[in-house]
Amino acid sequence: MSLSVSGVLHHVESLAQRLASQRRQRSGARELSADDFAAVAETGFHQLLVPESMGGLWSSTTRSTRAVAEAISSLAAGDSSLALILSMEPVAMFVTGWLTDFREEEVDAAWLRQRQEYLGLLGSGAGAWGVLLSERDGVIRSTAKQDSDGKWSISGAKSSGSGWDHVSFMLTNAVVEGEDRPELFVLDLRNREKLPGVTVSRVWDGLGMTASGSHAVVLDNAPVQRVTWPGRQELINRMSSSPTIGSRLAPFVGIVRAAVAEATEHVRARGGTRSSLESVEWARAQAAGWLVEQAFEGVLRATEADTSSEDFGRMARVAKLAVSEQAEHTLQHISRALGGMTYSQSSPFGWWHTDVRAMAFIRPTLATTVDDLSGPLVS
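Counting in our numbering, the sequence shown runs from 1104 upward without gaps.
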């Protein structure tokens, strides 16, 4: 398969259509298969996040962010849980600094070697990346320590790791003994059956994103590698203002696109809406869907224009709030326009509705987004 951005996007779209043709079987499924991730790898998706200097397709933040986001949105129209998991990969690549624009002479040699190692593994087909960051109440209580041989391990309880059963690497975090702030670490899951100190404490049973495998995990001196750029954890706290916002909005966008397209077919098959209520709700659904598209496009264009970090940060936070709310409104209006059939288990609309509601809780959470936009509360 020749490697080009347009070629990868074409293969991703073909896979998304194949997944969509299996929508009835996939709706409400509790797990994905290894074949799903193999199919994603075959499209060349991961190469979108490998720098051109290493044989991949990533050029720069301004030139390459859109392709990644569009690929994820296409996959979301086929399988939203799969797209959610893959949307975490650009987050991992960015917060580690591995895809930031930099000059080689200005960076630490150890970090550069680590970047070469992990991006090389991504490009060679070693598997997908996920993030294992969330803890109860949003407070990082996990701790990390280094032994006399220089090897790192983590202990703590993580509340959610999307794609746990299938990704090859998880980016996680913990507070290093003797330090006062969390740092980032890599958990290698390629041999998860024999990995010591790792236990799934709660299997994902969410009503939304049912197949995402977002299990809770307990780590007990689990072996990890420390990300060699100290302080990168701070980027997670500012995640809403990073270029990855486009990729994290993409699953919402793909679901909304698929839902509006499917609803359009239903309305056409009926010969139009059948009551004033249906007409109004269908108009509202289309308007809400249009707003989702505009917010998504605005964020991508701002990334391409290299908008200042302060201006971009505010736009990104508004976009997260707007997209999550308008995506839910789109599905709500569609259900009112089409009627009770949208809530049957054989219909995708009810599943899509719970999916977008579930995604609203993903970083940056709505609470964090609103706090960032409104400023501190008056005591």
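Using N, Cα and C, we set each Cβ at its ideal position, and we do this for glycine too.
Keep in mind that this is a model prediction, so the values were computed, not measured.
Which residues does DSSP list as the beta-bridge partners of residue i?
{"i": "T1302", "result": "V1321"}
{"i": "S1258", "result": "T1246"}
{"i": "V1279", "result": "A1247"}
{"i": "L1290", "result": "M1273"}
{"i": "S1124", "result": "Answer by DSSP bridge pairing: none, since S1124 is not bridged."}
{"i": "P1285", "result": "V1278"}
{"i": "Q1328", "result": "V1289"}
{"i": "P1154", "result": "W1161"}
{"i": "V1426", "result": "In DSSP, V1426 forms no bridge with anything."}
{"i": "G1233", "result": "M1273"}
{"i": "G1453", "result": "According to DSSP, G1453 bridges with nothing at all."}
Given a threshold of 16 other Cβ atoms within 10 Å of its Cβ, counted over all protein chains shown, does residue i qualify as buried or as exposed?
{"i": "Q1125", "result": "exposed"}
{"i": "V1306", "result": "exposed"}
{"i": "M1342", "result": "Low confidence applies to M1342: its pLDDT is 44, below 50, so where it sits in the model is not reliable enough to give any reading."}
{"i": "D1308", "result": "exposed"}
{"i": "V1242", "result": "exposed"}
{"i": "Y1221", "result": "buried"}
{"i": "I1465", "result": "buried"}
{"i": "S1447", "result": "exposed"}
{"i": "P1285", "result": "buried"}
{"i": "G1228", "result": "exposed"}
{"i": "K1261", "result": "buried"}
{"i": "S1315", "result": "buried"}
{"i": "E1084", "result": "Outside the displayed span of the chain (1104 to 1482) sits residue 1084, for which this structure offers no information."}
{"i": "G1375", "result": "exposed"}
Determine the direct distance from the alpha carbon of residue j to that of residue i, and round the result to whole angstroms.
{"i": "S1304", "j": "S1382", "result": "47 angstroms"}
{"i": "Q1150", "j": "S1163", "result": "13 angstroms"}
{"i": "S1344", "j": "R1377", "result": "For S1344, the pLDDT reaches just 47, beneath the cut-off of 50, and the residue's location in the model is therefore unreliable, although a value from the coordinates is still provided. Cα to Cα, the separation comes out at about 44 angstroms."}
{"i": "D1414", "j": "D1252", "result": "45 angstroms"}
{"i": "Q1397", "j": "E1282", "result": "43 angstroms"}
{"i": "E1145", "j": "L1106", "result": "11 angstroms"}
{"i": "M1444", "j": "R1373", "result": "14 angstroms"}
{"i": "W1201", "j": "M1273", "result": "15 angstroms"}
{"i": "N1340", "j": "A1463", "result": "In this prediction, N1340 has a pLDDT of 48, which is less than 50 and means its spatial position is unreliable; nothing more can be read from the coordinates."}
{"i": "D1268", "j": "S1427", "result": "27 angstroms"}
{"i": "S1411", "j": "M1157", "result": "28 angstroms"}
{"i": "G1357", "j": "R1121", "result": "15 angstroms"}
{"i": "G1508", "j": "G1259", "result": "Within the shown structure, residues of the chain are numbered from 1104 to 1482, placing residue 1508 beyond reach of any answer."}
{"i": "R1206", "j": "A1366", "result": "49 angstroms"}
{"i": "W1161", "j": "M1312", "result": "28 angstroms"}
Using 8 angstroms for Cβ pairs, my map puts residue i next to residue j. What's the rounded Cβ distance?
{"i": "T1199", "j": "V1327", "result": "No, T1199 and V1327 are not in contact; Cβ-Cβ is about 13 angstroms, not under 8 angstroms."}
{"i": "A1142", "j": "S1350", "result": "Contact flag wrong, Cβ pair sits at about 19 angstroms."}
{"i": "V1359", "j": "V1395", "result": "5 angstroms"}
{"i": "V1278", "j": "S1245", "result": "7 angstroms"}
I'd like the ranges of any alpha helix (DSSP H) spanning at least 4 consecutive residues and lying wholly in the stretch 1335-1413. List check, alpha helix (DSSP H) in window: 1336-1340, 1348-1373, 1379-1407.
Beta strand (DSSP E) runs wholly inside the stretch 1191-1218, at least 3 long, in chain order: none
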